[in-house]
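Enquirer: This is the structure I want to talk about, given as structure tokens.
In our numbering, the protein residues as written are 8 to 381.
Here is the structure:
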């Protein structure tokens, strides 16, 4: 009886020891089936600021490997062997089990011991699904264009709406995933896949909600700071007033347009996407100016002559201003301009009601805005 008690005690002690997690590191124990000639697995730290190799190990003869790594904060990592890459979110104390079979072209894998790793796997399925859909759209468009021997506007009109719808569906799926996983790093990494110009209001709101979370993760903190900087000039906020030098040398103010609809259009003579968009902006201005639509162009040029020539060449007949300091200009800094073309549409009450809309989207927005009773 005494021996049984001792044996039982030893068993319980052993179980307790093995159940205690090492809080100073995380472990990944993995199995790679059918690795072929692959011999090495790499562990990469992969936050949004950089990707770097932090460890590597050799596969055993039966395809097993293990990593033990000290993570000062929960973070995104990648397991890489050859061209095969798998996402893992880990923090100290996690004991993660990973298995894959490289004969599977879909790169399916199983993972346990980390809820966030399960969630990033779920997000990657969403990303891959819509990526595959649009790859097929692009491939079909290119195939038909090659058959014609040239790019066709009529083909583009068929395939571009399909591509854009897939992107919109992807954005909606990501927003839902982020909202369902706000307390997970997987939600954060999903959010960073979105176009910040298109989804800025949602990203600003999301940053507000996670500002007290993931305080040790530099990528998260950098994102929060970026959104805090963008917040004062996001949709729904008052447009900050400014004064700058007009193209004729006289001061021009945003407040000169108080009580009117105005689009602040940030552009430059050297910006090819801006110049390509200018004919559309001219068209919309000529269509809607009689209904109360105004434009204030803010140039990021540094030379007056180049600015003036582009205004004349593109027939931009609205008000213009610039301090000729490029991205370092006071107005550019005030409006958090990091890329151009960029625009802000402001209503008569001075509220920002839209940002960064171009092409057919700009025309549709103006049609909708000016069809309402004023």
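Here a beta-carbon is modelled for each residue, glycine too, at the ideal position from N, C-alpha and C. This structure is a prediction, so every number in the text was calculated from the model and none was measured.
(1) Quick one: give me the first and last residue of the beta strand (DSSP E) that residue 258 is part of.
(2) Can you say whether residue 42 is buried or exposed, counting buried as having 16 or more other CB atoms within 10 angstroms of its CB?
(3) Is DSSP giving residue 301 helix, strand or coil here?
(4) Thinking residue 227 and residue 195 are a contact (beta carbons under 8 angstroms), I'd like their distance in whole angstroms, please.
(5) Counting beta carbon pairs with one atom in the region 43-58 and one in the region 117-124, are three or more of them shorter than 8 angstroms?
(6) Go ahead and label residue 271 buried or exposed: buried means 16 or more other beta carbons lie within 10 angstroms of its beta carbon, across all protein chains shown.
(7) Cβ atoms of residue 264 and residue 197: under 9 angstroms apart, would you say?
(8) Under a Cβ-count criterion, where at least 16 other Cβ atoms within 10 Å of its own Cβ denotes burial, should residue 362 be classed as buried or exposed?
(9) Please list, in chain order, all residues of the same chain as residue 246 whose beta carbon is under 6 angstroms from its beta carbon, the five residues on each side excluded.
(10) Tell me whether residue 232 sits in a helix, a strand or coil according to DSSP, three-state version.
(11) Count the CB pairs spanning the region 168-183 and the region 101-108 that are closer than 8 angstroms, and state whether there are at least three.
(12) For residue 371, is the classification buried or exposed, using 16 other Cβ atoms within 10 angstroms of its Cβ as the cut-off for buried?
(13) Locate the beta strand (DSSP E) running through residue 82, then write down its first and last residues.
(14) Around the C-beta of residue 163, are 16 or more other C-beta atoms found within 10 angstroms, so that it is buried, or is it exposed?
(15) Whole angstroms are fine: how far does the CA of residue 113 sit from the CA of residue 26?
(16) If you follow the beta strand (DSSP E) that residue 350 is in, where does it begin and where does it stop?
(17) Are there 16 or more other CB atoms within 10 angstroms of the CB of residue 304, so buried, or fewer, so exposed?
(18) Helix, strand or coil, according to DSSP, for residue 361 in the structure here?
(19) So within the region 122-176, which uninterrupted alpha helix (DSSP H) runs reach at least 4 residues, ignoring any that extend past its ends?
(20) What are the partner residues of residue 48, as DSSP defines its beta bridges?
(21) By the DSSP assignment, the alpha helix (DSSP H) with residue 91 in it spans what residues?
(22) Buried or exposed for residue 95, going by 16 or more other Cβ atoms inside 10 Å?
(23) In the DSSP assignment, what are the bridge partners of residue 104?
(24) Excluding sequence positions up to five away, which residues of its chain have a Cβ less than 7 angstroms from the Cβ of residue 126?
(25) So residue 382 and residue 137 are in contact, right, with Cβ under 8 angstroms, and what is the actual spacing, rounded?
(26) Check whether the Cβ atoms of residue 182 and residue 155 sit closer than 9 angstroms, and answer yes or no.
(27) What are the start and end residues of each continuous alpha helix (DSSP H) run of 4 or more residues lying completely inside the region 207-292, in chain order?
(28) Tell me whether residue 9 sits in a helix, a strand or coil according to DSSP, three-state version.
(29) Taking residue 128 as the reference, which of 98, 85 and 150 has the closest Cα?
(30) Suppose the cutoff is 6 angstroms on Cβ atoms and the five residues either side in sequence are ignored; what does the same chain contact list for residue 365 look like?
(31) Cα separation between residue 351 and residue 215?
(32) Between the C-alpha atoms of residue 93 and residue 306, what's the straight-line distance to the nearest angstrom?
(33) Looking at the unbroken beta strand (DSSP E) that takes in residue 326, where does it start and where does it end?
(34) In the DSSP assignment, what residue or residues form a beta bridge with residue 74?
(35) Would you check if the distance between the CB atom of residue 300 and the CB atom of residue 342 is smaller than 9 angstroms?
Expert: Inspection of the coordinates gives the following:
(1) 258-260
(2) buried
(3) strand
(4) 6 angstroms
(5) no
(6) With 16 or more Cβ atoms within 10 Å of its Cβ, residue 271 is classed as buried.
(7) no
(8) Burial call: buried.
(9) 353, 357 and 359
(10) helix
(11) no
(12) exposed
(13) 82-88
(14) When all chains shown are included, residue 163 counts as exposed.
(15) Below a pLDDT of 50, predicted positions are generally treated as unreliable, and residue 26, at 44, falls in that range; the measurement from the model is reported next regardless. Residue 26 and residue 113: Cα-Cα distance of roughly 34 angstroms.
(16) 349-353
(17) buried
(18) It is a strand residue.
(19) 122-155
(20) DSSP lists 64 as partners of residue 48.
(21) Note, residue 91: premise wrong, no alpha helix (DSSP H); beta strand (DSSP E) at 91-97.
(22) buried
(23) According to DSSP, residue 104 bridges with 36 and 119.
(24) Cβ within range, chain order: 188, 191 and 193.
(25) Since the first and last residues shown for the chain are 8 and 381, residue 382 lies out of range.
(26) Note that the C-beta distance between residue 182 and residue 155 is not below 9 angstroms.
(27) 207-216 and 225-237
(28) Here the model assigns residue 9 a pLDDT of 38, short of 50, so the residue's position is not dependable, and the following value carries that caveat. DSSP places residue 9 in helix when its eight states are reduced to three.
(29) Considering only 98, 85 and 150, the residue with the shortest C-alpha distance to residue 128 is 85.
(30) 284
(31) 22 angstroms
(32) 44 angstroms
(33) 326-328
(34) Note: residue 74 sits in a beta bridge opposite 35.
(35) no
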